[in-house]
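In what follows, a single structure is set out as structure tokens and then discussed.
There are 4 protein chains.
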Amino acid sequence: MKSTELGIRVRSFREECGVFGINAASRAAELAFLGLYSLQHRGQESAGIVSSDGQQVYGYKGLGLVSDVLSADVLKTLPGHLAIGHNRYSTTGSTTLDNAQPLLVAYRGGRLAVAHNGNLINAVELREEMERAGSIFQTTMDSEIIVHLIARSRAPSLEGRITEALSQVKGAFALVLMDERKLVGVCDPSGFRPLCLGRLGSSYCFASETCAFDIIGAEYLRPVEPGEMVVVEEGEMRELKALEPGARAHCIFEFIYFSRPDSVVFGESVDRVRRNLGKALATEAPADADMVISVPDSSNSAALGFAEESGLPYELGLIRNHYVGRTFIDPAQRVRDQAVRVKFNPVREILSGKKVVVVDDSIVRGTTSRKLIRLIRKAGASAVHFRVSSPPIEFPCFYGIDTPSRAELIASSHSTKEIAEFLGVDTLAYLSMEGLRRCVRNPDDFCYACFDGSYSIPVQADADKLALERRAGSPPSTSQNARSLSVDSAHES
Amino acid sequence: MKSTELGIRVRSFREECGVFGINAASRAAELAFLGLYSLQHRGQESAGIVSSDGQQVYGYKGLGLVSDVLSADVLKTLPGHLAIGHNRYSTTGSTTLDNAQPLLVAYRGGRLAVAHNGNLINAVELREEMERAGSIFQTTMDSEIIVHLIARSRAPSLEGRITEALSQVKGAFALVLMDERKLVGVCDPSGFRPLCLGRLGSSYCFASETCAFDIIGAEYLRPVEPGEMVVVEEGEMRELKALEPGARAHCIFEFIYFSRPDSVVFGESVDRVRRNLGKALATEAPADADMVISVPDSSNSAALGFAEESGLPYELGLIRNHYVGRTFIDPAQRVRDQAVRVKFNPVREILSGKKVVVVDDSIVRGTTSRKLIRLIRKAGASAVHFRVSSPPIEFPCFYGIDTPSRAELIASSHSTKEIAEFLGVDTLAYLSMEGLRRCVRNPDDFCYACFDGSYSIPVQADADKLALERRAGSPPSTSQNARSLSVDSAHES
Amino acid sequence: MKSTELGIRVRSFREECGVFGINAASRAAELAFLGLYSLQHRGQESAGIVSSDGQQVYGYKGLGLVSDVLSADVLKTLPGHLAIGHNRYSTTGSTTLDNAQPLLVAYRGGRLAVAHNGNLINAVELREEMERAGSIFQTTMDSEIIVHLIARSRAPSLEGRITEALSQVKGAFALVLMDERKLVGVCDPSGFRPLCLGRLGSSYCFASETCAFDIIGAEYLRPVEPGEMVVVEEGEMRELKALEPGARAHCIFEFIYFSRPDSVVFGESVDRVRRNLGKALATEAPADADMVISVPDSSNSAALGFAEESGLPYELGLIRNHYVGRTFIDPAQRVRDQAVRVKFNPVREILSGKKVVVVDDSIVRGTTSRKLIRLIRKAGASAVHFRVSSPPIEFPCFYGIDTPSRAELIASSHSTKEIAEFLGVDTLAYLSMEGLRRCVRNPDDFCYACFDGSYSIPVQADADKLALERRAGSPPSTSQNARSLSVDSAHES
Amino acid sequence: MKSTELGIRVRSFREECGVFGINAASRAAELAFLGLYSLQHRGQESAGIVSSDGQQVYGYKGLGLVSDVLSADVLKTLPGHLAIGHNRYSTTGSTTLDNAQPLLVAYRGGRLAVAHNGNLINAVELREEMERAGSIFQTTMDSEIIVHLIARSRAPSLEGRITEALSQVKGAFALVLMDERKLVGVCDPSGFRPLCLGRLGSSYCFASETCAFDIIGAEYLRPVEPGEMVVVEEGEMRELKALEPGARAHCIFEFIYFSRPDSVVFGESVDRVRRNLGKALATEAPADADMVISVPDSSNSAALGFAEESGLPYELGLIRNHYVGRTFIDPAQRVRDQAVRVKFNPVREILSGKKVVVVDDSIVRGTTSRKLIRLIRKAGASAVHFRVSSPPIEFPCFYGIDTPSRAELIASSHSTKEIAEFLGVDTLAYLSMEGLRRCVRNPDDFCYACFDGSYSIPVQADADKLALERRAGSPPSTSQNARSLSVDSAHES
């Protein structure tokens, strides 16, 4: 039932969300479905869509993959020309339907739906303050805080209320919101999480990545800028400077790992940046080897870049089984390294007797990499040179990425040499911070906090961190399937 | 999926809820499960339990029958010595998980869970007022209003906050509430809906009917009185006069139809009262007949009373198919009267050539009764004397029963003679108001508004009624299955 | 999942099957659905329908209740004017889909579907013989043996092949068969199991009980006689003497317990016979008591008969919870007598201080009755007189009823006095064999083997019994849900 | 429900099955699960396992992916040290559980289970002959014919019976069989379909591809040879020449498309052969281009070979969405080319303004390739040179691959020039037959019938082909989920 428990988690770093929004001539929910479908890699625990026909608001959300939760029958119950959607990897520990998005509420202004990617820094304070003032909370989502703030605002327009609400929160947010008639996309002043603006005929759309535009045949226009609010209403698009932009702090990990290579985020091609990472790595840390192999699929671009720059042949030395399902339970735990073996199979005919450069995007705890290297050696590799297309991760993220605590990050307490020993590789090299910065167009526009600990929005001391972690440790609970979203409003039918 | 659409609804009158609460030595949720299971007849659309181990609060709810939603695996996730549970027939039109109970929230005082049976008269006003003040609503349940009021209260204790909240609402409520450590049962000042207090060893329990005590082997103590609040904490039970009691207005329909005959509600045996109804009916409206038959199972006791008083033999002339399931769809709509035929089969060998008294508990729209009588005639009955063990229903209920609008109540616009013609019976007689009143111990303690329109709490004019109906007509939405309840609190771990 | 394990089995005696067949103007499967639905009490473990449009044969079957397995979507996949259906309580231990019926095969003559109620005495011999000759078996059903015999027959017509096949089998069978164009109903020469013939307009139909005719509005014509074969083809009905009839041996338990009271089986009203049983019992074994109560619902008619004859009032002293589901697991095993308590609740207000006659239809192991009596006593009954509307069951059934082994039948090794002590009743009386015989029209036409051990078809010695039991002990296996039936034939498209 | 209807089928060529078998110290079914899991690409419509503990045989099968059908709970019901497993893409039209494998039966020799990969040429004749002799068929699987033949054999040993049975069938079969104590792997005399022999400690195992050995940590020993039977009994392995080997006719398409690149089949590395195909293609049909891209993932190896040989850079120009699920329904059919777009996204940043070589493994109907090329052009490619790493497919396969009819094979009626026009490419080239033959070690050992029509086992005239097609057109039927396999045997407990 609980995918977090049953599923194999080879990955330790998880993106939390994909968001999408569109106004269309009709059946907006179908396009939202496709958008979410293409953003599936950003979150596989829940999916949901809210739509509006201008009068009524309809919603549905559930635990599971987009194509399982949002069946054709469900989409039929989501009529109208406006729709927003969301899929998520919970950044809190509990996989519960309560925390699935979009969040749909009724308030003075009518109905309001919110899809949120990111993480608020001052969530605990804001929530305590609101609870002291008499508010109730039904979920553990930051989005509920945002909605409370919007509902409390006295501003006459939705845009005004959103602006007033967001000026009180700190942290990372790429938000898509809608009421009965308006579609809104808005980014935090630092631009931590990506939000792209697109056009499909006379319609406008928002998405975390441009691959969601490609799948519906929409054209990519530009990123939503830090602090900007884009409002779509009656078919018209308006661009507002809603929040005072701060120093840009785009998440560099979108390029290193999260986004699909066929996407553009923060205005740059993911594939291009990722290729650059591989090339830079080859320049910085060449290896005496017979071939370069990737840990598929996330490291393919970087490995190809490494091969190109180094002149070594790129080989398909690891085959990935894409059928590793959410509900997969490995029944034969007695087979050593089973969990990794189920996902990756080294190709003996390619690796046997060869010196191999293995390119991976990052090392979090190191345990999976270690098992993988053991498999590669058993397949006959005579030498393994591990190359990581990003610097050592030493610090947790507070802006929306689900990282383990600092203690679990192997690089926070071990030297590269020690890590190499732990992994069992002949050589190990990370891309340098300088190298990383050279791979993007505007290196100063990015957040590198997970590498260097310089949090652009100060995370207040230890107390707060504990609070956040306490929240993550909230009651274990199981939940399944889907629910509809339905709140009535006393104001309109 | 959507049981409201697929299920056969032979009944037009539906009870909305069963509630249960217990403090136990351990595994309170298992006892709550059994309690809800025995209250299944009070609501079959959703079921849920919230439990607490004194520190953490756990919850689960879903659409469907108690035994389907609350599986053994689910109960394992609900540890602790405190538990409350709820099952419901939605009184609003939409069968959505959002409206399943108990409602579980976090607020200044920690966590709070509420299970509510009844209906508030001033829900719309309260909600509009709260929305104007900046509150958000995620459901259409009255319970959410009550929770908001509790959260806003500045009273230092939970008891104080509940009292303050409930003093602002008007209408019918039998509530079971809990936080991490306390279990509370409370009734509205008129005592519209039943709430019983029981004891199991050194534990205390609350239930809508005493059959929920029988199934767990608990002893029935007494009803919770109008306006009374009973608090169970640290194994001790305290009785508080929380709300100023008004004139009693117990729902007489609990005796006529809703409660199980093996239950005691409002301090009287349901079977006894129901037998009295049948006897009184036989006295008031005897019939020249060969036998008495019941519309099983709700009219069995009254029919037996009629037979006893009249001296006519009681026969099993209608057999009920108990497998009529939630998901039953009648595929052969072409067969006339199919929906009734699927549920009831007249026994030709008993009825053929006989003059029959048919005892039923009530007539709402009359359409089902009409079909049933047609079946009885086809089975050979030479005369049908229809006897109703309650007066004509002419007015809708605003205190928690899901009645059709007044226009749909056949007795609101038709004379008994006209109804007899519509039904196609030889004679038709209802129990008189006087007769009804004589069947209970304290006739002045009951609400008879559905018969005589005298609403003990004034229902304000037409505007309000429309508002309530507008709410009932809120967005159609489909939903399935279960969700967990999980809200964290910043105040305790 | 496995209903046999999870479900509460208060009953020890289980009927194995309901069968239905119809030719209709169109959509025969929908009528078969309704027929099976009304026969649900005869088997709740699996359900299936095979239909034909004259060219193609379609099938579907699954584990579960009729209305769950045969959804509207499934019925759409079963077109045509011919249909047969089946539901079953497995008489073998395993609840597997393999053993669900109808069995559908392709053979020389085209396609053939069989729905079987009953049990063959020489199944093991026949199967061994066929296996020796090179046959393969994919199920453990007797029906597969019958189909093999039909396929091997060289007779030119389907009727001839069925006759030839059935002349080789011994035991109990009420069969409904169909191929692409013909519908056939046939009974064994002793007429062990009931099969009724009905008419709906110009269509003919077969069913185990007449309640299946009532639900579709069909008229009951007559029983299919022992040894008779009724063939429906091209809208015409032909009656054939297929097998030499032997001495009649109708199952008397159909009247005592299995059939619905609103049915006619073997040409007699079940309710009438059951009422007679109660009256005879009152005459034979009166009791000094205040009232008569029934163990609902199977003993209602007999209890009413007892009340009528004895002049004691009939009371509803036990209330049955009809929501006891297939998947019900009692989580609170610590509560004593829980399993019985979940199903039955004694009404204290009725029983308290009273001397009670409890009428039940039979005692198998005695364990459930004992628990029930304990509950009745706890509810305050001052004396319990247990009256059983059939003689003591001392022998197992080999003709299609799933009885426990002889050792488990309490009456096979204990005197009535001992049983009374075990049950904890004041007095215990069974109906006598003579009394039982007087309750039916033609007492010599019935099988009373479970009472007196006189098996009308000799069951050969111990070896065979062991073989049958070995079969019943075949591999435990779990299975779920539904499968389609699909065999192609090389002979026609 | 019906995956064949709902799923997107971008591929027209489908492999039908993966088979696996193992004797292990214990819990063989868990290893069979892993084996099937790694063979998931060979068949996604059903999965099943039969196991034996030496006494009892246990089975389970269902529709769906290996990890969905064979849950941990199911595996617990499959004890024992012997297990065989199967997954399939039905080669007949109907996706029904009846046709899921392994087939498990009881016969004279006890129980027998068969997992079959391949297709018999004389299935219709054999079946007609057996039906004439009185046999019944419950499925449309060739395997049922094989089992009938084994059951009819008078040979004293299982090996003898299998040999006798297989000497009567013509066509392609790689079979894994088991009874209570023996595990058998056997190949047809031409060796059409692959079957590999492996060892895990002292256990032996069979699998369609060696990737199934890798996942359980087993060692690959050698292919099972054409006509060879390998018997594993009591931990010992015996190699028998069961059938007179004919000319070898290994399916060349295993190298071109079906097998995973990390597998060894027919004794050669799939990756190596596939790289050779790409190199040969580059030599035969070079292109003036900027880059080489693959249609992922099946063409990755060939594309890399092309890149290596041509000196052009290998780019990741198409990104594949691996979440395309079985139940995926494209709701927005109005979006042109949607089905392809959902699966593949071209990377504009890579392709824009570039001359691109697209390497694909084969062209069946050409419709999908055409849509894909349209997408690539829309992403900005200035020239598209389509290179196919196999010759034109002009003939259907009768040996176990599910090909469309000849009329649907674009190359059977169109010249390469015409196809190029249809696809909308600048140039199109296929690998030549000579080139293809040079890529494998022993070119004469392979079947190239789909390219040149020379069927090594003659397919008899038109009548037979129609018969086969008639079979494929057998009754449409829906089915879901899982069933257990259970047949008892009268011979042993």
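Chains as they are written, first to last, in this note's numbering: chain A, -15 to 477; chain B, -15 to 477; chain C, -15 to 477; chain D, -15 to 477.
A virtual CB, placed ideally from N, CA and C, is assigned to each residue, including glycine.
Cβ pair residue i, residue j closer than 8 Å
{"i": "D:Ile130", "j": "D:Val153", "result": "yes"}
{"i": "C:Ala196", "j": "C:Phe176", "result": "no"}
{"i": "B:Pro375", "j": "B:Met417", "result": "yes"}
{"i": "B:Ser192", "j": "B:Leu23", "result": "yes"}
{"i": "D:Glu164", "j": "D:Val41", "result": "yes"}
Beta carbon proximity, residue i to chain A, threshold 8 Å
{"i": "D:Val331", "result": "yes"}
{"i": "D:Ala445", "result": "For D:Ala445, the predicted structure reports a pLDDT of 43, less than 50, and the residue's modelled location is therefore unreliable. The matter cannot be settled from this model."}
{"i": "B:Val89", "result": "yes"}
Chain C within 8 Å of residue i, Cβ atoms only
{"i": "D:Arg165", "result": "no"}
{"i": "B:Asn305", "result": "yes"}
{"i": "B:Glu476", "result": "Reliability fails at B:Glu476, whose pLDDT of 37 lies under 50, so the model's placement of it is uncertain and no value is given."}
{"i": "B:Arg325", "result": "yes"}
{"i": "B:Asp198", "result": "yes"}
{"i": "D:Glu148", "result": "no"}
Exposed unless 16 or more other CB atoms sit within 10 angstroms - verdict on residue i
{"i": "B:Glu0", "result": "buried"}
{"i": "A:Arg256", "result": "buried"}
{"i": "C:Asn7", "result": "buried"}
{"i": "D:Ser336", "result": "exposed"}
{"i": "D:Ala295", "result": "Note on residue identity: the sequence assigns Gly, not Ala, to residue 295 of chain D. Exposed, since its Cβ has fewer than 16 Cβ neighbours within 10 Å."}
{"i": "D:Ala117", "result": "exposed"}
Cutoff 8 Å: residue i Cβ touching any chain D Cβ
{"i": "C:Ala135", "result": "yes"}
is_contact[residue i, chain B] using C-beta, thresh 8 Å
{"i": "A:Val131", "result": "yes"}
{"i": "C:Leu345", "result": "Checking the displayed sequence, the identity of residue 345 of chain C turns out to be Asp instead of Leu. For C:Asp345, the answer is no, since every Cβ of chain B falls outside 8 Å of its Cβ."}
{"i": "A:Tyr73", "result": "no"}
*Taking a Cβ distance cut-off of 7 Å, strictly less, list which residues of the region 268 to 298 of chain A are near chain D, in chain order.*
For the region 268 to 298 of chain A, which is checked against every Cβ of chain D, the residues closer than 7 Å are Asn284, Ser285, Leu288, Glu292, Pro297 and Tyr298.
_Using a Cβ distance threshold of 8 Å, determine whether the region 139 to 149 of chain C contacts the region 161 to 181 of chain C, with at least three qualifying pairs required._
Short answer: they touch.
*Which residues, in order along the region 18 to 32 of chain B, keep a beta-carbon less than 9 Å from a beta-carbon of chain C?*
Listed by position, the residues of the region 18 to 32 of chain B near chain C (Cβ gap below 9 Å) are Leu18, Tyr21, Ser22, Gln24, His25 and Gln28.
*Pair every Cβ in the region 180 to 188 of chain B with every Cβ in the region 432 to 439 of chain B, then say whether three or more of these pairs are closer than 8 Å.*
No: fewer than three Cβ pairs fall under 8 Å.
*Residues of the region 150 to 177 of chain A with Cβ closer than 8 Å to any Cβ of chain D, in chain order*: Taking 8 Å as the Cβ-Cβ cut-off against chain D, none of the residues of the region 150 to 177 of chain A qualify.
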